[in-house]
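A quick write-up on the structure given underneath.
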């Protein structure tokens with residue numbers, strides 16, 4: 001008897017703790033409403049007036065605005081330097097797309113000899129301070145180096161695209177690079193370019209020489225040689241005035257004696273060299289290029305010197321005369337370079353040091 005009671009109690013307890021799931025499903029009172037169908041058997045779409053849609057859209061916009069702060073437009077917003085990283089991403093994207101376009105055109109990779117044959121396009125970028133001011137972020141050396149490295153790659157691709165005739169690609173790349181190029185690019189490119197020296201229509205050459213703090217402007221003109229084969233007309237042998245008039249019109253140089261032109265003259269500030277430089281060593285320094293080239297007495301030289309002393313002025317004159325000889329006789333270049341007459345002497349006066357009387361001279365030591 002006790003066993004039966006115990007078995008019934010366990011069954012009731014199990015039913016109370018674990019109710020059957022099927023009971024709820026069979027006893028549910030929910031009945032789905034009938035769905036209206038079209039003649040084709042598809043469910044009919046509920047029609048809604050246009051005003052309801054407009055009101056719904058406005059409510060959606062209001063809900064979107066009231067939902068909270070919008071996500072930032074730039075993925076680098078939380079980096080603190082979004083302007084820099086956005087610009088860097090733009091340059092990287094331009095480099096990638098330009099490289100892909102050149103590869104599709106079979107212009108990359110380019111052999112070494114072909115790359116050397118490309119026309120030069122030197123790039124002078126803005127300074128780190130200027131780029132930082134444009135982007136509104138402090139531009140450190142590492143960030144500036146990263147950006148200029150990418151710009152250098154893009155500049156190389158521009159050289160290839162311009163040479164290959166890809167005008168559209170070259171124009172887009174050039175427009176992007178122009179944002180980072182310095183405004184003083186042309187001035188920087190022409191700063192180290194030497195001016196072409198030439199002889200004008202009067203046979204003069206103009207050169208410029210330097211030494212220490214002295215400068216010299218030098219004009220050189222070849223000495224006019226008299227014509228030795230020219231015969232002077234003897235007026236006593238002329239038979240008529242008509243013959244004399246015809247000779248005077250056709251050959252006027254034959255009616256006077258050839259003028260004796262001095263061999264050469266060197267004027268320094270409109271003063272002869274012997275009067276301007278009283279020290280023989282200075283005069284020898286001036287005429288040394290003429291002696292080395294073997295053209296002593298072949299040119300009339302007019303110079304204007306400024307600054308420095310006699311040693312610096314004579315050295316500046318020698319430098320300018322050597323450059324003038326090269327203009328008149330280009331075949332003298334090897335000789336003048338071997339003798340170092342075309343080289344500007346880089347030695348300058350050493351500056352005075354703090355705690356010394358001059359550059360190296362010390363003060364006299366006094367015991368008491």
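Residue numbers (UniProt numbering): 1 to 368.
By construction, the Cβ of each residue, glycine as well, lies at the ideal position given by its N, Cα and C atoms.
Exercise for review: List the endpoints of the continuous alpha helix (DSSP H) containing residue 84.
Suggested key: 82 to 104
Exercise for review: If I'm right that residue 102 touches residue 161 with Cβ under 8 Å, what's the distance once you round it to whole angstroms?
Suggested key: The C-beta distance from residue 102 to residue 161 rounds to 7 Å, short enough to fall under 8 Å.
Review point. Is the CB-CB distance between residue 286 and residue 317 below 7 Å?
Key: yes
Review point. At a cut of 8 Å, does the region 277 to 284 reach the region 196 to 213 through at least three beta carbon pairs?
Key: no
Check your understanding: How far does the beta strand (DSSP E) with residue 207 in it reach, from first residue to last?
Key -> First-last of the beta strand (DSSP E) with residue 207: 205 to 211.
Review point. Per DSSP, what kind of secondary structure is residue 286 in: helix, strand or coil?
Key: helix
**Study point:** For residue 69, three-class secondary structure by DSSP
**Key:** coil
Review point. For residue 301, which three-state DSSP category applies?
Key: strand
Practice item. State the Cα-Cα distance for the pair residue 25 and residue 82, rounded to the nearest angstrom. Key: Any reading at residue 25 must be qualified, since the residue scores a pLDDT of 46, below 50, and its modelled position is unreliable; the value itself is stated next. Straight-line Cα distance between these residues: approximately 59 Å.
Practice item. Go ahead and pull the three-state DSSP assignment for residue 115. Key: helix
Review point. Ordered along the chain, which non-local residues of its own chain (more than five positions away) have a Cβ less than 8 Å from that of residue 323?
Key: 197, 207, 208, 209, 218, 342
**Study point:** Residue closest to residue 129, alpha-carbon to alpha-carbon, out of 143, 274, 116, 118
**Key:** 143
Practice item. Could you say which of 294, 300, 328 lies nearest to residue 225 if we only look at CA atoms? Key: If we check each option's Cα against that of residue 225, 300 comes out closest.
Review point. Is DSSP giving residue 133 helix, strand or coil here?
Key: It is helical.
**Study point:** For residue 221: DSSP bridge partner residues
**Key:** 300
**Study point:** Contact between the region 168 to 183 and the region 302 to 316 (3+ Cβ pairs under 8 Å)
**Key:** No: the two stretches stay apart, fewer than three of their Cβ pairs being nearer than 8 Å.
Review point. Since residue 86 contacts residue 76 with CB under 8 Å, what's their CB separation in whole angstroms?
Key: 6 Å
Check your understanding: CB-CB under 6 Å to residue 118, same chain, minus the five flanking residues each way: which ones, in chain order?
Key -> 159, 163
Check your understanding: Looking at the structure shown, is residue 306 part of a helix, part of a strand, or coil, going by DSSP?
Key -> strand
Check your understanding: With distances taken from CA atoms, which of 185, 184, 154 is nearest residue 170?
Key -> Ranking the options by Cα distance to residue 170, first place goes to 154.
**Study point:** Residues that DSSP places opposite residue 268 in a beta bridge
**Key:** 271, 303
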